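Top line first, the protein sequences correspond to chains F and X.
First residue of the first sequence: -1, per our numbering; consecutive thereafter.
First residue of the second sequence: -1, per our numbering; consecutive thereafter.
Think of the CB as a built atom: it goes at the ideal place given N, C-alpha and C, for glycine as much as any other residue.
These numbers come from a predicted model, not from an experiment.
Number of protein chains: 2
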Amino acid sequence: MVTLSDVAKQAGVSPSTVSRVVNHSGFVSKDVADRVRSALVELDYRPNIVARNFRSKTTMTIGVVVSDLTNLYFMDALRGVEEVLSSEGYLLLIASSNNEVAKELQYCAEFDRRRVDGIILASAGASGNDLAQVFRERSTIMLLDRIVDGAQFDCVLDNNNEGVRQVVQYLLSQGHKDLGVVSGPLQITAGGERVSAFEKFANQAGLQIPLEWSWVGDAFSMEFGYKAATKFMRLAYKPSAVFCTNNALTAGFLLALAERDVRVPEDISVVSYGSLENGELLATNITEIEQPARQIGRVAAHRLLRRIRGEDVPFEVVRVDPQLSLGNSVKFLKSVRDVQPN
Amino acid sequence: MVTLSDVAKQAGVSPSTVSRVVNHSGFVSKDVADRVRSALVELDYRPNIVARNFRSKTTMTIGVVVSDLTNLYFMDALRGVEEVLSSEGYLLLIASSNNEVAKELQYCAEFDRRRVDGIILASAGASGNDLAQVFRERSTIMLLDRIVDGAQFDCVLDNNNEGVRQVVQYLLSQGHKDLGVVSGPLQITAGGERVSAFEKFANQAGLQIPLEWSWVGDAFSMEFGYKAATKFMRLAYKPSAVFCTNNALTAGFLLALAERDVRVPEDISVVSYGSLENGELLATNITEIEQPARQIGRVAAHRLLRRIRGEDVPFEVVRVDPQLSLGNSVKFLKSVRDVQPN
DNA sequence: CGACGTTGTGATAACGTTGTCGCAACGTCA
DNA sequence: TGACGTTGCGACAACGTTATCACAACGTCG
């Protein structure tokens, strides 16, 4: 391997000077710089980034832990993060916990040991205590999509209340009064907030969500969506519309319906929080909340940069508004004018 | 930060001894080890991996560059890679080139500078020269899915010939004789091999693929699939079946058909090389080649490990057999017995 | 002309870890 | 008993880079 000293020897200068040229840190005369540059090219010098990181105590690397790499939502968020950080010269270390809390913590610890400059975490369920322990001295952490209590961290996520408000308003406007909901764990922010907002807005319109129409599972997985749909289909008296609080749940739900030839929206109306992969290919275009994933990623990245730069901003929860995208998965029952939640 | 020396002082031993305990390298008596271990816990020592990597010249990190992180195929391959390497203690550095050759080379160079122990690359089109230049001294590289000529690298990919053989055989068995094909660039292995195999097996059955039924685009993208379908729909005399050589192409192709209410398989039969995301939700189940992505990832990872360990195996192209999965996207025209390619 | 700031360069010391060596203590075998 | 291998531990150097000085050369301003 060619080192700085090799180049220095070749150019007849000191390693310090070569370092200054490589890092564009100035204080080098034009002709010396030229001599060094040609030596660099001639020897095909490649900086040893590990040595640099070691000495400079900064790695220009950000670790990202998501709970499910195959989920479109996280991919979009990741894209937003990448946009911002790579333009600032950072490299992303990406890891997927596959919804396993232990793995999530393990990756976080590994990133911390590797001295990444910052960590972005879409937590699958680690407790505030766990995280505080892993991140003892670190302040450069940004949570995505999930608020962890018992610990001081920033968090960037959907304005779930607003998204769900739009969902309920739309369902009511189409005349639906028998509403069901499918969700992952309520301890997870996405679950808890969306379900309780759903109930809240339903209540405000004078409706109740009966317990047997509320399917809350142990994960935001296709598997549970599928299971919920099978339970739904066995009901004697069914809701006219079902709200799935996450795209994986929706996919599973729709799959089970399709297998039993239950049609959407003829037999059941469906609204999804979050977009489906290849959703545009489905026979029925799903009415869904388009999450501002990319924007969330961008905001998180920017905020993380500020922390890395040492700005002492207070910990905060940042909300980004999602938007309802109309499809044809909700059947029009009858026009309702006077019901307008909020 | 707590360092080895801090722990050493606390335990009343030398840093070397602490290092030996941390790394389980033996030659430490039981009671000294215990003393060190309690000091480690007491001070909450966390090894500085950067320093370790620097000194030991090994990072226990593998860089993976894929051309499209949103593609199910690469996600599966990644999973295979991860399975093997993480069990050996390696961490994955994942980057997506988004089909941009420049970005792909940039990431490779960055990984190389960061002294990753190995690189797995699903190339979007870099030339052998480019890669040879980036990887001057490095031998620990594994190519996925694409053979790059003009350079000495291992490569693990589909047995495209076998997959396409099954596709053609099936189409013939269903009585199809008017065959079309949609593909990305032929210079990319997946394009070149699949298209030429398709033509070969068609020819063997006495069929020709006319030029106007062969759509070859500039990328394996949904956009081009869409474009191909619009061209297809404008034809006066159309093929009865179309073979899309990649899942993204298939998705685009189907989307354009759906928008014009062209039905599959009633109006046109479609076979895809590679599975669609959420394919099980589509109205028609696509007949497709299931690529052995995970297995390919695993094989590549194992082979890479051997190279990292210094085994001097010759460069090789490894093929893994894919499998046809029958759906209902191919219309049965009439039974044909005697046509059996190969 | 002297004081002072700016610019250019090199010497030197780290950064935290691991590899190598030296040495001592101990056990084993001839 | 002496030679030799094994085990346990510490001293020390080294990895390649950058940060910090020190210092010289030069220009500028009062």
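- The beta carbon of Glu275 (chain F) falls within 7 Å of a beta carbon belonging to chain X, placing the residue at that interface.
- Counting C-beta pairs with one atom in each stretch, the segment 266 to 279 of chain F and the segment 39 to 51 of chain F have fewer than three that are closer than 8 Å, which means they do not touch.
- DSSP places Gln104 (chain X) inside the alpha helix (DSSP H), whose first and last residues are 99 to 111.
- Annotation for Phe52 (chain X): no beta strand (DSSP E) segment contains it, though the alpha helix (DSSP H) segment containing it runs 47 to 54.
- Asn51 (chain F) has a beta carbon lying within less than 7 Å of a beta carbon in chain X.
- Approximately 26 Å separates the beta-carbon atoms of Asp4 (chain X) and Thr59 (chain X); this is outside 8 Å, ruling out the contact.
- At a cut-off of 7 Å, the C-beta of Met231 (chain X) has no neighbouring C-beta in chain F.
- Contact annotation for Asp42 (chain X) against chain F: Arg134 [CB-CB distance below 8 Å, chain order].
- If you check each beta-carbon in the segment 253 to 282 of chain F against every beta-carbon of chain X, the ones closer than 8 Å belong to Leu253, Ala256, Leu274, Glu275, Asn276, Gly277, Glu278, Leu279, Leu280, Ala281.
- If you look at Gly116 (chain F), you'll find it in the beta strand (DSSP E) that goes 116 to 119.
- Annotation: the segment 192 to 280 of chain F contains the following complete segments of the beta strand (DSSP E) (minimum length 3 residues), in chain order: 212 to 214, 239 to 242, 267 to 271.
- The DSSP-derived three-state label of Gly178 (chain X) is strand.
- The residue from X:Glu197, X:Thr243, X:Glu81, X:Gly126 with its alpha-carbon nearest to that of Glu102 (chain X) is X:Gly126.
- Scanning chain F for C-beta atoms nearer than 9 Å to the C-beta of Glu108 (chain X) yields Ile47, Leu89, reported in chain order.
- Just so you know, the alpha carbons of Gly87 (chain F) and Ala298 (chain F) end up roughly 16 Å apart.
- The criterion of a C-beta distance shorter than 7 Å is not satisfied by Ile294 (chain X) and Tyr271 (chain X).
- Scanning the segment 119 to 171 of chain F for uninterrupted beta strand (DSSP E) segments of 3 residues or longer gives 139 to 142, 152 to 156, listed from N- to C-terminal end.
- Contact check for Phe230 (chain X) against Gly182 (chain X) fails: the beta carbons are separated by 7 Å or more.
- DSSP, reduced to helix, strand and coil, places Gly61 (chain F) within a strand of the structure shown.
- Under the criterion of beta carbons closer than 8 Å, Pro237 (chain F) and Gly178 (chain F) qualify as touching, at roughly 4 Å.
- Bridge partners of Arg317 (chain X) according to DSSP: X:Leu155.
- Note on geometry: alpha-carbon atoms of Leu324 (chain X) and Phe196 (chain X) lie some 18 Å from one another.
- Under the Cβ criterion of 7 Å, Arg296 (chain F) is not counted among the residues facing chain X.
- A buried status is given to Arg112 (chain F), since no fewer than 16 other beta-carbon atoms sit within 10 Å of its beta-carbon.
- Close partners of Arg113 (chain F) in chain X (Cβ separation under 8 Å): Asn46, Ile47, Val48.
- Sequence-ordered contacts of the segment 135 to 161 of chain F with chain X read Glu135 [C-beta pairs closer than 9 Å].
- Beta-bridge partners of Leu90 (chain X) (DSSP): X:Ile60.
- Annotation for Glu288 (chain F): the continuous beta strand (DSSP E) segment containing it runs 285 to 288.
- Taking the C-beta atoms as reference points, Arg307 (chain F) is found no nearer than 7 Å to Asn157 (chain F).
- Taking each of F:Gly10, F:Lys329, F:Gln8 in turn and checking the Cα distance to Leu170 (chain F), the smallest one comes out for F:Lys329.
- Straight-line measurement puts the Cα of Asp310 (chain X) at about 47 Å from the Cα of Ala249 (chain F).
- At a cut-off of 7 Å between beta carbons, Met73 (chain F) contacts chain X.
- Chain F places a beta carbon closer than 7 Å to that of Thr68 (chain X), counting this residue as a contact.
- Bounds of the alpha helix (DSSP H) holding Lys28 (chain X) are 28 to 41.
- Counting only residues of its own chain and dropping the five nearest sequence neighbours on each side, Arg77 (chain X) has a CB closer than 7 Å to the CB of Arg292, Gly295.
- Counting along the chain, Lys7 (chain X) sits inside the alpha helix (DSSP H) bounded by residues 2 to 9.
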